[in-house]
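Trainee:
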Amino acid sequence: MKYKKIKLYAFILIAFTFILSGCSRSYKSSQIQFGIFAAQNALWDEAIFRWKKAVQLNPESAAAHNNLAVAYEKKGLLDEAEKEYETAMKLNPKNSYIKANFENFKKSLVSQDEDEKKEKKDEKK
Amino acid sequence: MKMRRKRKKMKRNKPLLLLPLFFLVCCSVTNYWKVKVEVPSKIALDLNQYSSIVVTDFLVQKEPKEFNLNQEIVKYFADGLEQQFKGKVSSKKVSLEKEELFKDRDFWKSLFPDQEGTVILTGNASYTQEIRKAILETRKKRDEDFYPRSQAIEERRFYTLDLSLYLIDTTTGEALYTKAFKESQGYNNPNQTAPFAFFDLVERVKEKLFQSLLGGSRIQERYLIID
Numbered sequence: 020m021k022y023k024k025i026k027l028y029a030f031i032l033i034a035f036t037f038i039l040s041g042c043s044r045s046y047k048s049s050q051i052q053f054g055i056f057a058a059q060n061a062l063w064d065e066a067i068f069r070w071k072k073a074v075q076l077n078p079e080s081a082a083a084h085n086n087l088a089v090a091y092e093k094k095g096l097l098d099e100a101e102k103e104y105e106t107a108m109k110l111n112p113k114n115s116y117i118k119a120n121f122e123n124f125k126k127s128l129v130s131q132d133e134d135e136k137k138e139k140k141d142e143k144k
Numbered sequence: 402m403k404m405r406r407k408r409k410k411m412k413r414n415k416p417l418l419l420l421p422l423f424f425l426v427c428c429s430v431t432n433y434w435k436v437k438v439e440v441p442s443k444i445a446l447d448l449n450q451y452s453s454i455v456v457t458d459f460l461v462q463k464e465p466k467e468f469n470l471n472q473e474i475v476k477y478f479a480d481g482l483e484q485q486f487k488g489k490v491s492s493k494k495v496s497l498e499k500e501e502l503f504k505d506r507d508f509w510k511s512l513f514p515d516q517e518g519t520v521i522l523t524g525n526a527s528y529t530q531e532i533r534k535a536i537l538e539t540r541k542k543r544d545e546d547f548y549p550r551s552q553a554i555e556e557r558r559f560y561t562l563d564l565s566l567y568l569i570d571t572t573t574g575e576a577l578y579t580k581a582f583k584e585s586q587g588y589n590n591p592n593q594t595a596p597f598a599f600f601d602l603v604e605r606v607k608e609k610l611f612q613s614l615l616g617g618s619r620i621q622e623r624y625l626i627i628d
């Protein structure tokens with residue numbers, strides 16, 4: 020009986036600490052998650068709104084900056100996207116997903132510029 | 402006996418001890434979602450800020466005998482623009498004799514004196530065809546192996562479309578956008594006549610032109626993450 024009681028208390032304690040820790044991450048990450056949910060459903064304006072809120076609540080959230088950059092890229096706001104990627108990289112330079120996003124973003128910019136340069140060269144020829 | 406009891410208790414407690422570890426792992430792993438994003442490409446000139454486009458005749462330098470190149474280009478671009486441009490699209494006959502006319506502002510201004518917000522699409526065009534020959538070795542079928550391998554001359558028709566396009570503002574007569582396109586393609590099908598090849602080539606030009614004027618997009622993969 021004693022053992023069962025201890026087991027129950029331990030379980031309640033663990034659940035409680037988990038909930039508490041969840042609450043401390045809480046509102047900030049819920050904004051990020053909600054933004055992801057919106058983006059997955061192609062509601063990019065809503066996603067931007069959520070991730071902007073997440074940045075306001077926690078300016079040091081690399082994820083919020085990264086996601087915001089992706090949304091800006093989607094919207095064609097390339098300058099804003101670059102700024103957000105840069106801050107995300109500064110905040111978490113080891114994150115492989117942010118790195119991959121930023122590198123692909125830079126590659127796409129270069130390929131567009133190269134296309135333009137090629138076209139200009141062809142025009143000169 | 403005590404030791405045995407303790408061991409039994411430990412065994413029972415194992416799942417309980419693993420629980421916090423599981424939570425820790427769950428919390429420390431960064432979750433990510435791979436999404437496909439249509440990233441819009443840069444627009445060289447935003448055509449949507451104009452209310453109408455007039456496609457005028459083109460200055461044709463070389464054309465095939467089979468069809469009227471100028472007429473086909475005007476039709477093709479006017480139809481294509483009608484489908485994708487929100488404003489009004491029309492065509493107008495203009496006699497173009499010299500290439501210098503494209504830079505003559507007064508000429509273009511005088512064509513549409515009272516029309517604001519209108520752009521003219523015009524340009525230079527030449528469409529050529531050449532036959533290229535190559536010596537190719539032909540292999541016989543297995544049953545005919547005792548015959549020597551033969552060499553034959555194969556012909557391929559190459560078509561080249563040169564288009565220099567100008568977008569001219571009717572109010573200033575200034576060329577807002579100029580671009581030269583050169584598309585060529587070889588066909589080994591002898592029935593691939595000049596008109597068929599022309600539509601393949603002009604389609605490529607249209608895609609590139611419309612992407613830089615009306616906007617296009619590239620599909621890319623990105624990661625959305627949670628801290």
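Which chain is which? The protein sequence lines are A and B, in order.
Heads up: take any position in the first sequence, counting from 1, add 19, and you land on this note's numbering.
Heads up: take any position in the second sequence, counting from 1, add 401, and you land on this note's numbering.
Don't be surprised by glycine CBs; every beta carbon is placed ideally from N, CA and C.
Note that the structure is a prediction, hence the values are computed from the model and not measured.
Just curious, the beta strand (DSSP E) that A347 (chain B) is in, first and last residue?
Mentor: Look at the range of chain B in this structure, 402 to 628, and you will see that residue 347 (chain B) is not part of it.
Trainee: Between V129 (chain A) and chain B, is any beta-carbon pair separated by less than 8 Å?
Mentor: no
Trainee: Express the C-alpha separation of L610 (chain B) and K109 (chain A) in angstroms, rounding to a whole number.
Mentor: 39 Å
Trainee: With a threshold of 8 Å between beta-carbons, can I31 (chain A) be considered close to chain B, or not?
Mentor: no
Trainee: Let's see if you can read the secondary structure: which residues bound the alpha helix (DSSP H) around F597 (chain B)?
Mentor: A595 to L615
Trainee: Thinking C-beta only, is Y578 (chain B) closer than 8 Å to L564 (chain B)?
Mentor: no
Trainee: So, at 6 Å on beta carbons, what are the nonlocal neighbours of K102 (chain A) in its own chain, with the 5 sequence-adjacent residues on each side left out?
Mentor: none
Trainee: Does the beta carbon of K23 (chain A) sit closer than 8 Å to a beta carbon anywhere in chain B?
Mentor: no
Trainee: What does the alpha-carbon distance come out to for the pair R558 (chain B) and V440 (chain B)?
Mentor: 38 Å
Trainee: Using beta carbons (cut-off 8 Å, strictly below), is Y104 (chain A) in contact with chain B?
Mentor: no
Trainee: Would you mind telling me which residues of chain B sit closer than 9 Å to N123 (chain A), beta carbon to beta carbon, in chain order?
Mentor: Q621, E622 and R623
Trainee: List the residues of chain A whose Cβ lies closer than 8 Å to the Cβ of I627 (chain B), in chain order.
Mentor: S48, I51, Q52, I55 and A82
Trainee: When the Cα of E669 (chain B) is compared with those of B:G587, B:L522, B:F459 and B:L566, which residue comes out closest?
Mentor: There is simply no residue 669 (chain B) to check, as chain B begins at 402 and stops at 628 in what is shown.
Trainee: Starting from the C-beta of G587 (chain B), find all residues in its chain whose C-beta is less than 6 Å away, skip the five residues before and the five after it, and write them out in chain order.
Mentor: R557 and F559
Trainee: If V490 (chain B) and L482 (chain B) are in contact, beta carbons under 8 Å, what's the gap, nearest whole angstrom?
Mentor: 5 Å
Trainee: Does the count of Cβ pairs from the segment 509–521 of chain B and the segment 462–480 of chain B closer than 8 Å reach three?
Mentor: Taking a contact to require three or more Cβ pairs closer than 8 Å, the segment 509–521 of chain B and the segment 462–480 of chain B do not qualify as touching.
Trainee: Applying the 10 Å Cβ sphere with the 16-neighbour rule, what's the burial state of P112 (chain A)?
Mentor: exposed
Trainee: Taking just the CA atoms, how far does K583 (chain B) sit from L630 (chain B)?
Mentor: Nothing about residue 630 (chain B) can be read from this structure; chain B reaches only from 402 to 628.
Trainee: For the alpha helix (DSSP H) containing I627 (chain B), name the first residue and the last one.
Mentor: Run containing I627 (chain B): none; DSSP gives neither H nor E here.
Trainee: For chain A, is any of its Cβ atoms less than 8 Å away from the one on V440 (chain B)?
Mentor: yes
Trainee: Output yes or no for whether 8 Å exceeds the beta carbon distance between Q621 (chain B) and S127 (chain A).
Mentor: Yes; because the gap between Cβ atoms is below 8 Å, this pair is in contact.
Trainee: Compare the beta carbon distance of A66 (chain A) and A90 (chain A) with 8 Å and say whether it is the shorter of the two.
Mentor: yes
Trainee: At least one CB of chain B closer than 8 Å to the CB of Q59 (chain A): is that the case?
Mentor: yes
Trainee: Hey, A82 (chain A) and D628 (chain B): beta-carbon distance below 8 Å or not?
Mentor: yes
Trainee: Can you tell me the Cβ-Cβ gap for L562 (chain B) and F599 (chain B), rounded? I've got them flagged as a contact below 8 Å.
Mentor: 7 Å
Trainee: Report the neighbours of V475 (chain B) on chain A: residues whose CB is nearer than 9 Å to its CB, in chain order.
Mentor: What V475 (chain B) touches in chain A: nothing, since even the nearest Cβ is about 23 Å away.
Trainee: Need the endpoints of the beta strand (DSSP E) that K493 (chain B) sits in, please.
Mentor: Unbroken beta strand (DSSP E) run through K493 (chain B): K489 to K493.
Trainee: Name the two residues that bound the continuous alpha helix (DSSP H) containing I67 (chain A).
Mentor: W63 to L76
Trainee: Tell whether a beta-carbon distance below 8 Å holds between D454 (chain B) and L502 (chain B).
Mentor: Going by the sequence as given, residue 454 (chain B) is Ile instead of Asp. It is not a contact, given that the beta carbons lie outside the stated cut-off.
Trainee: How long is the line joining the alpha carbons of F68 (chain A) and Q75 (chain A), rounded to whole angstroms?
Mentor: 11 Å
Trainee: If you draw a straight line from the alpha carbon of G616 (chain B) to that of F478 (chain B), how long is it in whole angstroms?
Mentor: 16 Å
Trainee: Since W434 (chain B) meets chain A, which of its residues come closer than 9 Å, beta carbon to beta carbon?
Mentor: I55, A58 and Q59
Trainee: Is the beta carbon of I554 (chain B) less than 8 Å from the beta carbon of K580 (chain B)?
Mentor: no
Trainee: What is the DSSP secondary structure of L96 (chain A), reduced to helix, strand or coil?
Mentor: coil
Trainee: Let me see if you follow: with CB-CB separation under 8 Å, is V74 (chain A) close to chain B or not?
Mentor: Among the CB atoms of chain B, none fall inside 8 Å of the CB of V74 (chain A).
Trainee: Please tell me whether K71 (chain A) has its Cβ less than 8 Å away from any Cβ of chain B.
Mentor: For K71 (chain A), the answer is no, since every Cβ of chain B falls outside 8 Å of its Cβ.
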